[in-house]
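Take 210 as the starting number for the sequence shown in this note's numbering and just add one per residue.
Think of the CB as a built atom: it goes at the ideal place given N, C-alpha and C, for glycine as much as any other residue.
Working notes, structure below.
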Amino acid sequence: MDPELSGSRVATDLQALGLSADASSRRLTEYSYDASNYRLRPLTVVFPRDDHEVAAAAAYCHRHHLTLTARGGGTGMGGNAIGTGVVLDFSRHMNRLISVDPHGRTAVAQAGMVLTALQHQVAAQTDGELTFAPDPSSQSRATLGGAIGNDACGNHSVRHGRTTDHVEALNLVTADGLRLTAFRDGLSATDPSDTEAVARAAQLGAAMRELTATNMAILRTEMDRIPRQVSGYHLGKLLPENGFDVARALVGTEGTCAIVVSATVRLVPAPTSALLLCLGYRNVVDAARDVPTLLEFKPSAIEGIDERIVETMRARRGDDSVVGLPQGNAWLYVDLDEESSSNVPQAAQDLLDKLYTNGRLVDGRTVPDRQQRVSLWRIREDGAGLSSRLVAPHQVNPEDGGDGGSYESWPGWEDSAVAPERLADYLEGFTALLDQHGLTGVMYGHFGAGCMHVRITFDLRSAQGRAVMRKFCHDAAELVVRHGGSLSGEHGDGRARSELLPLMYSPQMIKAFGAFKRIWDPAGILNPGSIVDPDPIDANLVLADVPSRVWSTSFDLGTPRTRDDGQPGLDPFVHAVQGCIGVGRCRSDSGGVMCPSYRATRDEKDSTRGRARVLQEMVRTAPDIESGWRDEDSREALDLCLSCKACSTDCPVGVDMATYKSEFFSNYYRRRLRPLSHYSLGWMPAWLGAATALAPVINRMLAGRLAGAASRAGGLDPRRTMPAFATRKQAHTAMADLRTDPTSDVVLFVDSFTKAFRPHVAGAAARVLESGGQTVSCSADQCCALTWISTGQLDHARKVLTRTAASLDDGTDRPIVVPEPSCAAALRKDLPELVHSEVARRVASRVRSFADEVGHLLDEGWEPPVPLPADVVVQTHCHEYSAFGPTVQQAVLRRLGATKVEQADGCCGVAGNFGFEKGHYDVSMGVAEQALAPALRTRDRSTPVLTDGFSCAMAVSHLSATDDTVPAVESVHLAELLDPANSSETTEEVRP
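Printed below as a string of structure tokens:
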């Protein structure tokens, strides 16, 4: 590398070439990590728009001896997507499907295209008949280029094999910037008029033929011994009997030989009659023993999980997140389809009978219900994240952090593979090896292909723990080789396993790998440190050398354990922000709610992962605590976090970025002038009473010419529609019958927003509760402190919540029902984390959202006083989604009789303060376009729109008022739909 080149100079040079390059500190932090144990800080990140820009970047790096690393979704666990030079992120722009040939069953797509997007678009162009088969668990954010680089497989690999088996051609850029295309039978210039590329293709072809001829014997004996032999280079594809298949030889090279910019891939028929069979076993070894029997029935998938992952899923997301599992401590998911049998149900029964005869199956059942299948597959797909922080008692190194009821596991040896018939014996030996080293392994993976994912309780924070990891991985490599297996079966070797390749391959083969790398990349600039001339497996570890400091926090994030030497263990805040391990579910563009800002901007900095990585860098590199809390990169990264809290539920690890944002802002703005919105919106509950007294005047002002000036004065965006305040008369009329009664069955907590803007909701909620035979007491003089929490004014929030808890702690266990979901969530979750008392915990345990309470009424046999409409559009509030469960609203609506519930599956975009604040409007509207706005445009005009959250109601109101494509609609609260007094006259009378 040219010593004169700094990151900013490289970025400037590349920008002068027309490339989008960024060398800002925050950007480099985000790209220092992937989903592995490793961290390498790049010089510059580039976002290429096409293969010509990739070629320009490569040529520049070649001239200046800079390393170059290609990156897709950054979800690899081997450390293959990070580097110290230039990183190319293909996911931002090079993410298109170029063409589909239904008759030839092929598709051409760019390297940055996410796999699920590829599958969906192929299905749309082939009437659902064809699909791209590889479906790794990270498919909702992993890209095609990454799948090719690592030779990914997936849940249905027992039927469809590896990515290798589906590649027909690769469009490449060489290390010095030439554009070539690799085919199943050779290599040519992408542009035949490029004479230099033509000559290079001929040169490379000749060199590879010579390499093959020289090493023919070992290529035939050491390559392709098992279905999942991913480790090393696939040089066997170059053999004459394989047709000199250059395209497939380059699959699995992890970006170390050439840069894949697009690919022609083979498509397969989409299954039409799949049936899931779920099987319970005593342990994973018993499950593995039955794999040969399962393979006789030609399933498309045989996937497995163990009990630790299931228990963590239940603890983190509730019991209803895991439904349909049979008895057992380890489970296999088996998919049978039309290729398995012409009579799938009968085949499933025959298989069950045979497994019971084998004597190892504890319990088995078919899963015909779609929701149960989705629930079960979600556990398997989130296995990597769920297994990283398990909720179960376990003895671990005291410095690991946590709360005493959880423990951590890490990748490193998570991807080994053997022949399926040898899997059980291998697992027996592997379990003994874990015991020998005093480690626990959490197991899940592709049992049908003999590929086992295991996350292990390594202590990567201490030198002693890292030494144990190194010794264990060496011993495990020897074990898998004794069983005829591969160090990697899907994730690639990367920095995690490349050093161990000499244990698997002969010296001659290792030499051949090096020769193949040098043919393509003689200067060694492409993704160095992997496969050839690898870095040590314990170098550049994320958790090594993080300073031991105490970051005092307002939120209770856990208690550090005491080390053997009597000193405090890992700081709870550090432990919390290190929870992100990079699996990247927050980068998904469908399913769940997380992460709305990333879905709007498609920028890594706006993902939960990006923010977590910046915070991790803060605790690692800040010279002291005070300067850490003043870190500008962290403030910038957190600015577009909506505080929706969806990540606390959707993230497999349970990262709660809204809490970390509040904590950071509390310290960042301490003794500093805050943004105006922190005063106008943050202190809103304090001035809402006075605003209600002046409601007619304020409403006229907000509807007139002074609205823009008023908004700007409060740090708000003048484009945002402001809510109308209820007058005192309206509030009195709506809540006239609500009284304080210490003997009532239920306490109705009327929050500041409901009192000020929607008092009719409080009256409706009380009448609904009373229709269930309950007596209702009203609490309308306290506050949940949400606005102070979301703006990071935690000292005052704690004072407010302390008063609220004392008021509500009346010595009873009466449910506290809160019509506003965000306030319910604040009292359920934030109250006990900010007010560290038994009073706070008692009150929090009694809190229910209104929908949650309706579910309890239904459990007791209550029948709604008015029928619910058959069709409902519902915007579930993000805080209710996270604190009370993702399905609580939808489940209650179905129980109430709604037959068609269209859920706007995502954040509304307003999210409390966020959508009103200056600088957030465009992102807010982009978030609304993900689900809410499309749902409003396509709904039948007679279908009610349900918004229990005030923020959600404001989002609907704003879209209805400002977007001509959204039909006029006034959303309603669930309480209004169920209100016994629900008539047009009554409703209009109390609405502001």
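The beta carbon of A232 sits closer than 6 Å to the beta carbons of G216, S217, A220 and T253 from its chain, once the five residues preceding and following it are set aside; these are given in chain order. Taking the Cβ atoms as the reference, T390 lies roughly 6 Å from A378, within the contact range of under 8 Å. In this structure, V296 lies near Y240, with their beta-carbon atoms less than 7 Å apart.
Check the Cα spacing between A426 and each of M322, R574 and L444: the tightest is with L444.
V985 and A1060 have their C-alpha atoms some 16 Å from each other. The criterion of a C-beta distance shorter than 7 Å is not satisfied by P861 and D644. Nearest Cα to F667 within the set V906, R598 and L1043: R598. In the DSSP secondary-structure assignment, D833 is not bridged to any residue. A965 and L1183 have their C-alpha atoms spaced approximately 19 Å apart. Scanning P951, G1124 and S618 for the CA closest to the CA of L925 turns up G1124.
The shortest CA-to-CA distance from T952 to any of K870, C987 and M522 is the one to C987.
Annotated as distal: D559 and P480, with beta-carbon spacing of 7 Å or more. DSSP places P968 in the helix class (H, G or I) of the three-state scheme. Here Q348 is buried. Its C-beta has 16 or more other C-beta atoms within 10 Å. Counted as a single uninterrupted DSSP element, the beta strand (DSSP E) harbouring H662 occupies residues C660 to I665.
Nearest C-alpha to G537 among Y653, A626, V571 and G370: V571. The alpha carbon of G461 has as its nearest neighbour, out of I740, R921, G1001 and T1000, the alpha carbon of I740. Contact between R758 and D780 holds, since their C-beta atoms are separated by about 6 Å, short of 8 Å.
Taking the Cα positions, W622 is about 28 Å away from A456. Note that the region 816-835 touches the region 843-858; at least 3 beta-carbon pairs, one per stretch, sit closer than 8 Å. Taking 7 Å as the cut-off, the Cβ atoms of V1048 and L1010 do not count as close.
Within the region 262-319, the complete beta strand (DSSP E) segments of 3 residues or longer fall at 277-280, 295-298, 306-310 and 315-319, listed in chain order.
A direct Cα-Cα distance of roughly 7 Å separates D960 from Q991. Exclusion of the five residues before and after H1129 leaves F1123 as the residues of its chain whose Cβ lies within less than 6 Å of its Cβ. Taking all protein chains in view, the Cβ of L1066 is crowded by 16 or more other Cβ atoms within 10 Å, so the residue is classified as buried.
The alpha-carbon of A351 is positioned some 37 Å away from that of L1040. Secondary structure of A244 (DSSP, three-state): coil. DSSP places W540 inside the beta strand (DSSP E), whose first and last residues are A539 to L545.
The DSSP-derived three-state label of E1089 is helix.
Residue state for V1136 is assigned as helix, using DSSP reduced to three classes.
Leaving aside the five residues that flank C856 on each side, the residues in its chain whose CB is nearer than 7 Å to its CB run, in chain order, C795, M803, C804, T817, V864, D865 and M866.
Under the three-pair Cβ rule at 8 Å, the region 1135-1145 counts as touching the region 1162-1171.
In the displayed model, W896 falls within a helix according to three-state DSSP.
With respect to the 7 Å criterion, F962 and F1159 are classified as neighbours on the basis of their beta carbons. Shown here for G414: same chain residues with a beta carbon closer than 7 Å to its own, the five before and five after excluded, namely G395 and L396 in chain order. Short of 7 Å from the beta carbon of E338, and not among the five residues preceding or following it, lie these beta carbons of its own chain, in chain order: P478 and A479.
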